[in-house]
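*Asks:*
Residue numbers (full-length UniProt numbering): 1 to 554.
This is the structure we're talking about:
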C-alpha cells in the first residue's frame with residue numbers, strides 16, 4: 001500500500017506542477033522560476049518514491065517466488081520463430097531472477113542478524129486463516145542462491161533440447177518457483193503447497209524428455225514423492241490444528257508450541273518419511289537411480305542440485321527447529337541410518353555398470369553426511385551439514401551435467417563399453433577428473449571442509465558415548481575410503497585404455513564453449529568454498545547458534 005500511495009502522490013504532484021510549468025499567461029521569469037522548482041520537486045519526489053521501493057516493506061520475496069512461473073508462462077504464447085527465441089527468453093528470466101535475488105540479499109539482508117528478515121504476511125483465505133507468509137534467515141539464503149545459480153546453468157545446459165522447447169523451458173521455470181518457495185515459506189500450509197508445486201513439472205520433464213524407460217521412472221517418482229507428501233500433509237494439519245488456542249500455521253508461533261511427547265513423536269515421524277523420500281534416506285531411495293538414469297541431464301542438475309536439498313532443509317527447519325524434543329529422541333537413529341547409508345550407497349555405486357546410476361548412488365552416499373550432521377546436534381556438525389547441502393548441490397549438478405554430455409557424445413551409458421575417451425576428448429577428461437576429485441573430498445575443495453566438519457561434529461557431540469563415537473567415525477572413514485575407489489575406477493573405465501580409441505569412424509567431439517562455461521562456473525564456488533569456507537558458513541553460523549540455543553533451552 002505504501003508503494004501505491006507513493007506512486008499516486010508522485011503522479012498528482014507532477015500533474016499540478018506540469019500545468020504551472022506550461023502556463024503561457026505567466027511572465028518569463030515566473031516560468032523559469034517554476035521550471036527550476038519543478039525540476040527540484042521532480043528529483044526529490046523520485047528520490048522519495050525510490051526510497052519507498054528499496055525499503056524492506058517492498059514484497060521482494062513474493063516477486064522472487066512468483067516471477068519465474070508467471071513471466072515464464074508467457075513463453076507458451078510467444079510466436080514460434082525458432083527454438084533459439086524460447087531458449088534466450090528462458091535464460092534471460094533466470095539471469096534476471098538471479099541478479100534480483102543477489103541485489104536483494106546484498107542490500108536488504110543483515111548477516112549478523114539471526115532473526116527472520118524480509119518478512120511478508122498477507123491474508124489469503126479468511127475462512128482457513130491462511131496467510132501468504134514469507135521470510136528468510138541465514139539458513140535459507142544459501143539454498144535460495146544455490147537454486148538461482150544451478151537453475152540458470154541448467155537452463156543453459158538444456159540448449160540442445162529442440163522437441164517442444166517452449167514447454168520444456170516453461171516447466172523448468174515452474175520448477176524454479178516451486179524450489180524457491182519452500183526455502184522462503186513461513187507458513188506450514190504454504191510450505192506444503194510449494195513442496196508440491198515442483199512435482200508435476202518434474203513428472204512431465206521425465207515422461208516427455210527422458211530415456212527409453214522414462215514412463216516407468218516418472219511413475220515411480222510421482223508415486224514415491226506423492227506418497228511422502230501424504231505424510232507431510234498429515235503432519236502440517238496435525239501441527240496447525242493442535243492446541244487450546246486458535247489453530248495456527250505460522251512458523252513463529254509454532255516455535256513456541258509444546259506438544260505431548262507421543263504426539264510430537266508421531267508428527268516428527270510423519271515429516272521424516274516425507275523428507276526421507278526427497279533426501280533420500282534408505283530404504284526410500286530407490287526412485288533416485290531410476291530417475292537420474294532416464295532424465296535429461298539438465299533435469300538431473302535440478303534434481304541433484306536442488307530437489308534433494310529440500311528434504312534436508314525441511315528436516316532442519318521443521319523437525320529440528322519446531323519438534324526439538326522428538327529430534328533429541330530420533331537423532332541417534334538418524335546418525336546410525338546416515339552411517340549405514342554412506343557404506344551401503346558407496347558399495348552399491350561400485351557395482352553399477354550404468355554411469356548415470358553410479359553417480360546417482362554417489363549422491364545417496366554423500367547425503368548420508370548431511371543426515372549425520374543434523375543428528376549430531378552440535379554447532380560444528382549442523383554447520384557441516386548445511387555446507388554439505390550446498391557443496392553437494394554444486395558437485396552433484398556438475399557430475400550429472402558432464403555425465404549427460406559424455407553419454408550424448410559417445411552414445412554409450414555402460415562403463416564396460418567405454419574406454420580411451422581421454423585421447424579424443426581431453427577437455428572433458430580434465431573437467432570430469434576435477435569434479436570427481438571434489439566429490440571424493442580432496443583437500444582444497446568444498447566437500448573436504450563439509451565432511452570434516454561433520455566428523456568433528458559427531459566427535460564433539462555430547463549425545464553419544466565414547467565407544468559409539470569411535471564406531472561411527474570408523475564406519476564413516478570406511479565410507480570415505482570407498483568413495484575414491486568407485487570414482488577412480490569410473491574414471492579408469494571411461495578415459496583410460498584403447499577400447500573406443502580404435503573404433504572405426506569414432507568422431508568424438510570434445511567439450512565446446514557451453515560445456516566449458518557451465519563447468520567453470522560451478523567449479524569456482526567449489527574451489528572458493530574449499531579455500532575459504534567462511535564464504536558459506538558466515539551465512540548460517542548465527543542462525544545455527546540460535547537453533548541450538550533454543551533446542552537446549554527447551
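Note that CB positions come from ideal geometry on N, CA and C, so glycine has one too.
Determine the extent of the alpha helix (DSSP H) in which residue 408 is found, giving its start and end residues.
*Replies:* Start at 1 with the first residue of the chain shown, and residue 408 comes out as number 408. Where residue 408 is concerned, the enclosing alpha helix (DSSP H) stretches over 379-410.
*Asks:* Using alpha carbons as the reference points, say which of 417, 449, 458, 401 lies closest to residue 431.
*Replies:* Within the chain shown, numbered from 1, the residue matching residue 431 stands at position 431. Checking every option, the nearest Cα to that of residue 431 belongs to 401.
*Asks:* My understanding is that residue 529 touches residue 449, with C-beta atoms under 8 Å, so please give their C-beta distance in whole angstroms.
*Replies:* On the chain shown, position 529 is the one that residue 529 refers to. On the chain shown, position 449 is the one that residue 449 refers to. Contact holds; Cβ gap of about 7 Å.
*Asks:* What are the residues that DSSP puts in a beta bridge with residue 185?
*Replies:* Position 185 of the chain shown, counting from 1, holds the residue named residue 185. Looking at the DSSP assignment, residue 185 forms a beta bridge with 134.
*Asks:* Do three or more CB pairs link the stretch 170-189 to the stretch 119-131 at distances below 8 Å?
*Replies:* A contact exists between the stretch 170-189 and the stretch 119-131.
*Asks:* In terms of residues, what are the limits of the alpha helix (DSSP H) holding residue 109?
*Replies:* Here residue 109 is taken as the residue at index 109 of the chain shown, counted from 1. Taken as a continuous stretch (DSSP letters only), residue 109 belongs to no alpha helix (DSSP H), as it is neither H nor E.
*Asks:* Where residue 474 and residue 468 are concerned, what is the direct C-alpha to C-alpha distance, given to the nearest angstrom?
*Replies:* One-based indexing of the chain shown puts residue 474 at position 474. One-based indexing of the chain shown puts residue 468 at position 468. Roughly 10 Å between the two C-alpha positions.
*Asks:* Let's see if you can read the secondary structure: which residues bound the alpha helix (DSSP H) around residue 429?
*Replies:* Locating residue 429 in the chain shown gives position 429, counting from the first residue. Per DSSP, residue 429 belongs to the alpha helix (DSSP H) from 426-439.
*Asks:* Drop a sphere of 10 angstroms on the beta-carbon of residue 80, count the other beta-carbons inside from all chains shown, and report buried for 16 or more, exposed for fewer.
*Replies:* In the chain shown, the residue the question calls residue 80 occupies position 80. It counts as exposed.
*Asks:* To the nearest angstrom, report how far apart residue 522 and residue 363 are at their CA atoms.
*Replies:* If you number the chain shown from 1, residue 522 lands on position 522. If you number the chain shown from 1, residue 363 lands on position 363. Going from the Cα of residue 522 to the Cα of residue 363 covers about 17 Å.
*Asks:* For the beta strand (DSSP E) containing residue 159, list its first residue and its last residue.
*Replies:* By 1-based counting over the chain shown, the position of residue 159 is 159. Note, residue 159: premise wrong, no beta strand (DSSP E); not H, not E.
*Asks:* Can you find the residues in the same chain that come closer than 8 Å, C-beta to C-beta, to residue 505, ignoring five residues on each side of it along the sequence?
*Replies:* As a working note, residue 505 is residue 505 in the chain shown. At residue 505 the pLDDT is 47, less than 50, meaning the model places this residue with poor confidence; the figure from the coordinates comes in the next sentence. So no residue of the chain qualifies.
*Asks:* Looking at the structure shown, is residue 215 part of a helix, part of a strand, or coil, going by DSSP?
*Replies:* Here the question's residue 215 lines up with position 215 in the chain shown. If DSSP states are grouped into helix, strand and coil, residue 215 belongs with the helices.
*Asks:* Run through DSSP, which three-state label would residue 352 get?
*Replies:* The residue you call residue 352 lines up with position 352 of the chain shown. Residue state, collapsed to three classes: coil.
*Asks:* Run the CB neighbour count on residue 122, radius 10 Å, all protein chains shown included, and call it buried at 16 or more, exposed below.
*Replies:* Numbered from 1 along the chain shown, position 122 holds the residue referred to as residue 122. So residue 122 ends up on the exposed side.
*Asks:* Note down the Cα distance separating residue 422 from residue 543, rounded to an integer number of angstroms.
*Replies:* The count along the chain shown starts at 1 and reaches residue 422 at position 422. The count along the chain shown starts at 1 and reaches residue 543 at position 543. Going from the Cα of residue 422 to the Cα of residue 543 covers about 45 Å.
*Asks:* Per DSSP, what are the beta-bridge partners of residue 125 in this structure?
*Replies:* By 1-based counting over the chain shown, the position of residue 125 is 125. Per DSSP, 130.
*Asks:* CB-CB under 7 Å to residue 51, same chain, minus the five flanking residues each way: which ones, in chain order?
*Replies:* The sequence position of residue 51 within the chain shown is 51, counting from 1. Here the model assigns residue 51 a pLDDT of 43, short of 50, so the residue's position is not dependable, and the following value carries that caveat. Taken in chain order, the list of residues that qualify is empty.
*Asks:* Using the three-state DSSP reduction, which class does residue 448 fall into: helix, strand or coil?
*Replies:* By one-based count along the chain shown, residue 448 stands at place 448. Residue 448 falls in the helix class under three-state DSSP.
*Asks:* Looking at residue 323: is its Cβ nearer than 8 Å to the Cβ of residue 390?
*Replies:* Here residue 323 corresponds to residue number 323 of the chain shown, with the count starting at 1. Here residue 390 corresponds to residue number 390 of the chain shown, with the count starting at 1. Result no, Cβ atoms of residue 323 and residue 390 do not sit closer than 8 Å.
*Asks:* Quick check: the Cα distance between residue 462 and residue 311, rounded to an integer number of angstroms?
*Replies:* The residue you call residue 462 lines up with position 462 of the chain shown. The residue you call residue 311 lines up with position 311 of the chain shown. Computed Cα separation, rounded: 26 Å.
*Asks:* Cutting at 6 Å between CB atoms, please list the residues of its own chain near residue 546, excluding the five before and the five after it.
*Replies:* Mapped onto the chain shown, residue 546 falls at position 546. Cβ neighbours of residue 546 beyond the five flanking positions: 114.
*Asks:* Taking the Cβ atom as the reference point for each residue, do residue 374 and residue 458 lie within a distance shorter than 8 Å?
*Replies:* For the purposes of this step, residue 374 is identified with residue 374 of the chain shown, where counting begins at 1. For the purposes of this step, residue 458 is identified with residue 458 of the chain shown, where counting begins at 1. For residue 374 and residue 458, no; Cβs fall outside 8 Å.
*Asks:* Counting only the same chain and skipping the five closest in sequence on each side, list residues whose C-beta sits under 6 Å from that of residue 486.
*Replies:* Within the chain shown, residue 486 is the residue found at index 486, counting from 1. Only 349, 350 meet the Cβ criterion.
*Asks:* For residue 333, count neighbouring C-beta atoms within 10 Å of its own C-beta (all shown protein chains included) and say buried if the count is 16 or more, exposed if not.
*Replies:* Here residue 333 is taken as the residue at index 333 of the chain shown, counted from 1. Answer is exposed; the Cβ neighbour count stays below 16.
*Asks:* Could you pull out every residue in the same chain whose Cβ sits closer than 8 Å to the Cβ of residue 4, ignoring the five residues on either side in sequence?
*Replies:* Working through the chain shown from its first residue, we reach residue 4 at position 4. Below a pLDDT of 50, predicted positions are generally treated as unreliable, and residue 4, at 42, falls in that range; no measurement from the model is reported.
*Asks:* For the pair the stretch 287-299 and the stretch 201-213, tell me if three or more CB-CB distances fall below 8 Å.
*Replies:* Touching, yes.
*Asks:* Beta-carbon within less than 8 Å of residue 184's beta-carbon, same chain only, minus the 5 sequence neighbours each way: which residues are those?
*Replies:* Here residue 184 is taken as the residue at index 184 of the chain shown, counted from 1. Excluding sequence neighbours, residue 184 sits near 61, 64, 65, 134, 135, 136, 140, 144.
*Asks:* Just the Cα atoms here: how many angstroms apart are residue 369 and residue 399?
*Replies:* If you number the chain shown from 1, residue 369 lands on position 369. If you number the chain shown from 1, residue 399 lands on position 399. Cα to Cα, the separation comes out at about 18 Å.
*Asks:* Grab me the residues of residue 548's own chain with a C-beta within less than 8 Å of its C-beta, minus the 5 sequence neighbours each way, in chain order.
*Replies:* Mapped onto the chain shown, residue 548 falls at position 548. So the list reads 377, 378, 379, 382, once near-sequence residues are dropped.
*Asks:* Please classify residue 260 as buried or exposed, where buried requires at least 16 other C-beta atoms within 10 Å of its C-beta.
*Replies:* Counting from 1 along the chain shown, the entry for residue 260 is found at position 260. The residue is exposed, with fewer than 16 neighbouring Cβ atoms inside 10 Å.
*Asks:* Where do the N-terminal and C-terminal ends of the alpha helix (DSSP H) with residue 515 fall, by residue?
*Replies:* Here residue 515 refers to the residue found at position 515 of the chain shown. Residue 515 -> alpha helix (DSSP H) spans 513-531.
*Asks:* Count the other C-beta atoms from every protein chain shown that fall within 10 angstroms of the C-beta of residue 88, then say buried if there are 16 or more, exposed otherwise.
*Replies:* By one-based count along the chain shown, residue 88 stands at place 88. Counting Cβ neighbours within 10 Å, residue 88 comes out exposed, since fewer than 16 surround it.
*Asks:* Please report the distance separating the alpha-carbon of residue 489 from that of residue 355.
*Replies:* Locating residue 489 in the chain shown gives position 489, where the first residue counts as 1. Locating residue 355 in the chain shown gives position 355, where the first residue counts as 1. Distance between the alpha carbons of residue 489 and residue 355: 11 Å.
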